[in-house]
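Colleague:
Numbering (UniProt numbering), first residue to last: 1 to 176.
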């Protein structure tokens with residue numbers, strides 16, 4: 001297979017990302033372009049610098065299509081729970097039809113650390129948990145004794161209200 005070069009490769013990668021609603025791993029993109037994963041990381045950064053709406057999630061790269069015709073509501077919430085309760089928290093969120101966009105922790109040295117999650121359904125959550133377990137990774141909330149923020153998005157305020165209600169009932173929501 002011929003190695004793709006520069007702009008041709010980035011155009012091809014962009015077309016691939018736009019053609020699916022599922023994340024594509026850097027490894028898979030690298031195989032497709034016959035380059036190293038590091039080249040893909042650099043390409044993704046170049047595309048992001050051109051304001052292409054690409055995000056890196058735990059499942060791979062994702063192109064976020066801009067949909068101006070559908071109103072999306074976002075909300076930040078503050079949660080506190082143990083690592084063992086993380087899966088239940090995530091499932092509670094997606095079961096309300098809400099997307100868990102990101103997690104944010106306040107680190108004493110680095111300040112705010114944000115990680116994209118983009119979990120919208122049980123399959124996404126199960127894949128995320130599987131990857132955490134396989135890599136023996138810690139949740140970011142371990143840095144803050146369980147306290148963290150989530151950015152949530154939904155097609156209605158009622159869905160976001162429902163998430164807050166469910167998380168409140170489980171004792172995960174911190175309110176001020």
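We treat Cβ as the ideally placed atom computed from N, Cα and C, and that holds for glycine.
Computed from a prediction, not measured in an experiment: that's the story for all the values here.
(1) In chain order, what residues of the same chain have a beta carbon less than 7 Å from the beta carbon of residue 27, not counting five sequence neighbours either side?
(2) Where are the alpha helix (DSSP H) runs, 4 residues long or more, that stay fully inside the segment 41-112, in chain order?
(3) Any contact between the segment 157-170 and the segment 109-124? By contact I mean 3 or more CB pairs, one from each, below 8 Å.
(4) Hey, residue 125 and residue 80: beta-carbon distance below 8 Å or not?
(5) Alpha carbon to alpha carbon, how far is residue 11 from residue 78? Give it in angstroms, no decimals.
(6) Considering only the alpha carbon of each residue, which of 170, 61, 73 lies closest to residue 154?
(7) I think residue 40 touches residue 53, with their Cβ atoms under 8 Å apart; what is that distance to the nearest whole Å?
(8) Starting from residue 14, trace the beta strand (DSSP E) in both directions and tell me its first and last residue.
(9) If you compare alpha carbons, which of 61, 142, 50 is closest to residue 16?
(10) So what's residue 39 in DSSP terms, helix, strand or just coil?
(11) Give me the Cα-Cα distance between residue 96 and residue 157, rounded to the nearest whole angstrom.
(12) Starting from residue 155, trace the alpha helix (DSSP H) in both directions and tell me its first and last residue.
(13) Could you give the DSSP three-state label for residue 33: helix, strand or coil?
(14) Given a cut-off of 8 Å, decide if residue 150 and residue 105 are closer than it, judged by their beta-carbon atoms.
(15) May I ask you to report which of helix, strand or coil DSSP gives residue 25?
(16) In this structure, how does DSSP classify residue 188 when only helix, strand and coil are distinguished?
(17) Taking the continuous alpha helix (DSSP H) assigned at residue 134, which residues delimit it?
(18) Pop quiz: residue 4 and residue 34 are said to be a contact at Cβ under 8 Å. What is the actual Cβ separation, rounded to whole angstroms?
Modeller: Based on what the coordinates show:
(1) 37.
(2) Look at the segment 41-112 and you find these whole runs of alpha helix (DSSP H), each 4 residues long or longer: 86-94.
(3) No, because fewer than three Cβ pairs between the segment 157-170 and the segment 109-124 fall closer than 8 Å, the two stretches do not touch.
(4) It is not a contact, given that the beta carbons lie outside the stated cut-off.
(5) Cα-Cα distance, rounded: 39 Å.
(6) Comparing Cα-Cα distances from residue 154 to each of 170, 61, 73, the minimum goes to 73.
(7) Contact between residue 40 and residue 53 does not hold, since their C-beta atoms are separated by about 17 Å, which reaches or exceeds 8 Å.
(8) First-last for residue 14: 6-18, but that is the alpha helix (DSSP H), not the beta strand (DSSP E).
(9) Measuring from the Cα of residue 16, the nearest candidate turns out to be 61.
(10) If DSSP states are grouped into helix, strand and coil, residue 39 belongs with the helices.
(11) One C-alpha to the other measures close to 12 Å.
(12) Careful: residue 155 lies outside any alpha helix (DSSP H) and carries neither H nor E.
(13) Per DSSP, reduced to three states, the secondary structure at residue 33 is helical.
(14) Contact: no.
(15) Three-state DSSP puts residue 25 in coil, outside helix and strand.
(16) Shown here, the chain extends from 1 to 176; a query on residue 188 therefore has no answer.
(17) Run containing residue 134: 122-135, per the alpha helix (DSSP H) assignment.
(18) Contact flag correct, Cβ pair sits at about 6 Å.
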